[in-house]
Each structure stands twice: as structure tokens, then as C-alpha cells.
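*Asks:* Below you will find the structure I want to go over with you.
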Amino acid sequence: MISQPAVLSRNSRTRGAVLALLLVFGAGSLRADTAWETWSSDTFTLQPRETFQFRVGFADIQVRSWKLVVDGGLSRCDLSVLRVKGESLIYYQTDESRHEAVIPWGEGEEIIVVMTNRQHQATFAVNLLGPPRDQVHAAYSYHVNRALEAFASGRRLDAEAECERALKEDPADGVAKVLLAGFLRDRNFYTRASTYIEGALEDDLPPEMRTLAEGLAAELELLRAPLPKPVADQVARAEELLGKGQARQALDICRGLAEDHADLPSQARSRIEMLRGQALDGVGRDFEAVDAFTQALSFSRNRNADAVIYFHMGRLFLKMDNLVQAQGSYTIALQYGLPSGLDVQAREALVTIGNRLGK
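Numbered according to the numbering used here, the sequence shown spans residues 10 to 368.
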């Protein structure tokens, strides 16, 4: 069997992991690992047509992803890598002298590696490569790790989707709840974000994630406008429907809220108008959506909330092919301070708009 790689305890995950996770919710952005370091190495001599297999588990290399390298020099072999959970094939190549397979990883993961020699006796070097040990970010469940990687590369919607997959696979995945709450917070879905945070705080969270969850809970308490419970319940329902793509049903709720609760505090009315704008956008009533977002801005007293509203306006104007106004909205959104992830999307949109305008 392959020699066991150095094992990291949960407590030995570098303090840099905490900073990396803080960046998920702050103004910075994560960067994918660009260098690999050998975590474990072994050699095996195989007879002609001999097959050899071994297993690697998460306890052996506690990282978000790693690389398996099998090098035979001038000799060739077949290699297959099977993910035990779900029995999915990660890698399969035949008659190669060098194999490299990137392994998406997470808590509870295990792979089976099968090497089959070709026609002559040969020796193969097997290496498990991971990020440098002083750059190891905290590793969690499989889908949460994929979410963190997606967020690091600016694919915010993919990150959200991975968190949702994590919760579908394990409804008690507290880390996924914390991350998803952060994404929802950035989109001003404060009620849904609070629901996830409350659930996360009831779960068995790693210490660094509990710190983030408690901070996010306190922040959401300040961000959420004080609402009577019936109104808060309807706002939460509208947010839920928008998250599911059911914009027409969400619009009905928002219209009723706007008509029946004109005496709410201005920041609460701004939230409702922003939700109404998103719902109108979702059903293709673009000009009415512009008006709703404009109303949301007129009621708002918070530059951070304004930034998100301008972001939605920029996306709407771009959809309407109104490039100049889209450019202006995205620019203001960035100036006001968009959350990380949304700022990446805004900058990418500005590049696209600039190219189309010939600037």
C-alpha cells in the first residue's frame, strides 16, 4: 500500500484559512492555489500486465483539492481513479507514461486508484501533490469546497449552487448554511440569510465558521429593517420565490406589500421596492422594473444597499441593451462598494460594455 501522507488535524489548518473565509464575506477575493507541493511519495514495481490498487481517504490529505501524479519514465501503464461516494470515475487513461489527475476533495471523500502495467516489468513513482503546507485553506464537505473554489474564480452563482447541493446532500451542513447566508446577504435577501444563519448556529460548526456565523448574525440584525411579523413573513416568502425563479408569485406579494404598507419606515419600503423590481425584471416588465428600482433608491438611506440596487439596475439596462445607462449604473455600484463577488460581475460587465461601445 502507498505510504500514508502527512495528516493534518482540524486544529492544524493554517490560520490563513480563517482569513480566506473572512474574505468570502468581505471586500477581497480568494485566489486558487497556483503551486503544488509533494505531500506523499512512493514507488511500485509491477510485473507485466500486473494490476495494483490502493485507496486514499480525506484523513490522508485534508485539503480542498489535490493532484495525483503517476510517472513511469519510459514505461507506460493504465490508470483509473474512482470516487467511492457515488462511484463516479474521476480519471481514466490507458497506455501513458505519465498520468496527472486533479482530485476534487472534501470531508468523508475516498478514492480507489487502479494501476495496470503494460508489457514489461516497470517501476512507477506515485505522488500526492497538494497546495504548499503554509497555504492550506480549511477544507470542508465536497460541495462546500467546490463552492469556495467557484467563488475564488469569480463564479458566484456556481458557488451558491454548490452550497445548495451541499444542503440537499446533507441538510445539517452548517458551513454551507453560513456561506449561503453570506451570498444572500450580499443580494439583500436579509430574511432568508438570517434563516440560514440561525440554522447554522444550531449545528456543530468549526470554530472559525462559528465566529463568522456570529458576526454575520449580528450584521444581519442591523441590516434588517424592523418589520411587523406579518410583513416580515411576506418579505421572506417573496425572497424565497425569487430564489426559486418564481417571479410572478413574488410580484403579487410585493405589490400587496407596497400598496398595503405605505407607512413602513423608508428603509423597509426600499427593500420591498427592490424585491418588486427584481420580480418585475423576472417577468420581463423592464420599464416598470426600472421604476421600482428608482423608487427603492429614493427610499434608501444606506450606500451599501444602494450599491446592490444600482447593480440590479445595471444588469437590467444591459438586458435592455441600454449600454450607456448600464455602464453608469455599474460604475456607481462599484463606487458605492459592492460585496465581493458582485463586484467581480460588475467589472466584467463594464469590460463587455466598453468593448461593445468601442472604448
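Each residue gets a CB set at the ideal place from its N, CA and C atoms; glycine is no exception.
Can you give me the C-alpha to C-alpha distance between H146 and F296, rounded to a whole angstrom?
*Replies:* To locate residue 146, count along the sequence shown from 1; it is residue 137. To locate residue 296, count along the sequence shown from 1; it is residue 287. Using only the alpha carbons, I get a separation of about 45 Å.
*Asks:* Less than 8 Å between the CB atoms is what I'm expecting for V184 and S162, so what's the real figure, rounded?
*Replies:* Here residue 184 refers to the residue found at position 175 of the sequence shown. Here residue 162 refers to the residue found at position 153 of the sequence shown. About 19 Å separates the two Cβ atoms, so there is no contact after all.
*Asks:* Closest to Y319 by CA distance: which of S275, Q336 and A202 is it?
*Replies:* For the purposes of this step, residue 319 is identified with residue 310 of the sequence shown, where counting begins at 1. Checking every option, the nearest Cα to that of Y319 belongs to Q336.
*Asks:* For G66, tell me which candidate among E105, F133, E119 and V240 has the shortest Cα-Cα distance.
*Replies:* Here residue 66 is taken as the residue at index 57 of the sequence shown, counted from 1. It is E119 whose Cα lies nearest to the Cα of G66.
*Asks:* Quick one: is the Cβ of D272 within less than 6 Å of any heavy atom of the ligand ZN?
*Replies:* Inclusion of the ligand ZN in the displayed structure is not the case, the ligand content being empty and no account of it being possible.
*Asks:* Given a threshold of 16 other Cβ atoms within 10 Å of its Cβ, counted over all protein chains shown, does A202 qualify as buried or as exposed?
*Replies:* Residue 202 sits at position 193 when you count from the first residue of the sequence shown. Answer is buried; the Cβ neighbour count reaches 16.
*Asks:* By the 10 Å Cβ neighbour count, where 16 or more other Cβ atoms means buried, how is L4 classified, buried or exposed?
*Replies:* This structure gives no information on residue 4, because the portion of the chain shown stretches from 10 to 368.
*Asks:* Find the nearest neighbour of L137 within the set V111, H152, A271 and I262, judged by alpha-carbon distance.
*Replies:* The residue labelled residue 137 in the question sits at position 128 within the sequence shown. With distances taken between Cα atoms, L137 lies closest to V111.
*Asks:* Mark V317 as exposed unless 16 or more other C-beta atoms lie within 10 angstroms of its C-beta, in which case mark it buried.
*Replies:* Residue mapping note: residue 317 aligns to position 308 of the sequence shown, counting from 1. The residue in question, V317, is buried, as its Cβ has 16 or more Cβ neighbours within 10 Å.
*Asks:* Identify every run of the alpha helix (DSSP H) within the stretch 136-183, keeping only runs that are complete inside it and at least 4 residues long; order them along the chain.
*Replies:* For the stretch 136-183, whole alpha helix (DSSP H) runs of length 4 or above, ordered along the chain, are 151-161 and 165-178.
*Asks:* Helix, strand or coil for F198? Go by DSSP, reduced to three states.
*Replies:* Translated into positions along the sequence shown, residue 198 becomes position 189. DSSP places F198 in coil when its eight states are reduced to three.
*Asks:* For a test of the three-state rule: what should DSSP assign to N364, helix, strand or coil?
*Replies:* One-based indexing of the sequence shown puts residue 364 at position 355. Looking at N364 - three-state DSSP - the assignment turns out to be helix.
*Asks:* How would you call D330, buried or exposed, if buried means at least 16 neighbouring beta carbons within 10 angstroms?
*Replies:* Against the sequence shown, residue 330 aligns to sequence position 321. Its Cβ having fewer than 16 others within 10 Å, D330 is exposed.
*Asks:* In whole angstroms, what separates the C-alpha of C263 from that of E282?
*Replies:* On the sequence shown, residue 263 is found 254 positions in, with the first residue counted as 1. On the sequence shown, residue 282 is found 273 positions in, with the first residue counted as 1. If I take the Cα positions, the gap works out to 8 Å.
*Asks:* Roughly how many angstroms separate the alpha carbons of A181 and E207, rounded to a whole number?
*Replies:* Translated into positions along the sequence shown, residue 181 becomes position 172. Translated into positions along the sequence shown, residue 207 becomes position 198. A181 and E207: Cα-Cα distance of roughly 12 Å.
*Asks:* Figure out for me which residue from L325, V72, R165 and N197 has the closest Cα to the Cα of V299.
*Replies:* By 1-based counting over the sequence shown, the position of residue 299 is 290. Closest by alpha carbon: L325.
*Asks:* Can you tell me which of the three DSSP states E119 falls into?
*Replies:* In the sequence shown, the residue the question calls residue 119 occupies position 110. Three-state DSSP puts E119 in a strand.
*Asks:* How many Å lie between G81 and D87 at the Cα?
*Replies:* Here residue 81 is taken as the residue at index 72 of the sequence shown, counted from 1. Here residue 87 is taken as the residue at index 78 of the sequence shown, counted from 1. The alpha-carbon atoms of G81 and D87 are separated by roughly 11 Å.
*Asks:* With 16 other CB atoms within 10 Å as the buried threshold, where does Y101 fall?
*Replies:* In the sequence shown, residue 101 corresponds to position 92, counting from 1. Flag for Y101 reads exposed.
*Asks:* Given this structure, state the Cα-to-Cα distance separating A209 from V78, to the nearest angstrom.
*Replies:* Here the question's residue 209 lines up with position 200 in the sequence shown. Here the question's residue 78 lines up with position 69 in the sequence shown. Roughly 38 Å between the two C-alpha positions.
*Asks:* On a CA-only basis, which of P141, A245 and E171 is nearest F198? Give me that one, please.
*Replies:* Counted from its first residue, the sequence shown places residue 198 at position 189. Checked all of P141, A245 and E171; the closest Cα to F198 is A245.
*Asks:* Measuring straight from C-alpha to C-alpha, what distance separates L289 and G323?
*Replies:* Along the sequence shown, read from residue 1 onward, the residue named residue 289 stands at position 280. Along the sequence shown, read from residue 1 onward, the residue named residue 323 stands at position 314. If you take the alpha carbons of L289 and G323, they lie about 15 Å apart.
*Asks:* In whole angstroms, what is the alpha-carbon distance linking D143 and W48?
*Replies:* As a first step, residue 143 is located in the sequence shown; it is residue number 134 there, counting from the start. As a first step, residue 48 is located in the sequence shown; it is residue number 39 there, counting from the start. Looking at the two C-alpha atoms, the distance is approximately 12 Å.
*Asks:* Provide the residue span of the beta strand (DSSP E) that contains F67, from first to last.
*Replies:* Here the question's residue 67 lines up with position 58 in the sequence shown. Per DSSP, F67 belongs to no beta strand (DSSP E) and is neither H nor E.
*Asks:* Count the other C-beta atoms from every protein chain shown that fall within 10 angstroms of the C-beta of A41, then say buried if there are 16 or more, exposed otherwise.
*Replies:* Position 32 of the sequence shown, counted from the first residue, corresponds to residue 41. For A41, the pLDDT reaches just 44, beneath the cut-off of 50, and the residue's location in the model is therefore unreliable, leaving the point undetermined.
*Asks:* For D242, is the classification buried or exposed, using 16 other Cβ atoms within 10 angstroms of its Cβ as the cut-off for buried?
*Replies:* The residue labelled residue 242 in the question sits at position 233 within the sequence shown. Its Cβ having fewer than 16 others within 10 Å, D242 is exposed.
*Asks:* Sorted by chain position, which residues of the same chain lie with C-beta nearer than 6 Å to L236's C-beta, five sequence neighbours on each side aside?
*Replies:* Working through the sequence shown from its first residue, we reach residue 236 at position 227. Result list for L236: A277, in chain order.
*Asks:* In terms of DSSP beta bridges, what is C86 paired with?
*Replies:* Counting from one through the sequence shown, the residue named residue 86 turns up at place 77. E105 and N126, per the DSSP bridge assignment.
*Asks:* If you compare alpha carbons, which of Q62, L157, V72 and A156 is closest to E46?
*Replies:* Locating residue 46 in the sequence shown gives position 37, counting from the first residue. The candidate whose alpha carbon is nearest that of E46 is V72.
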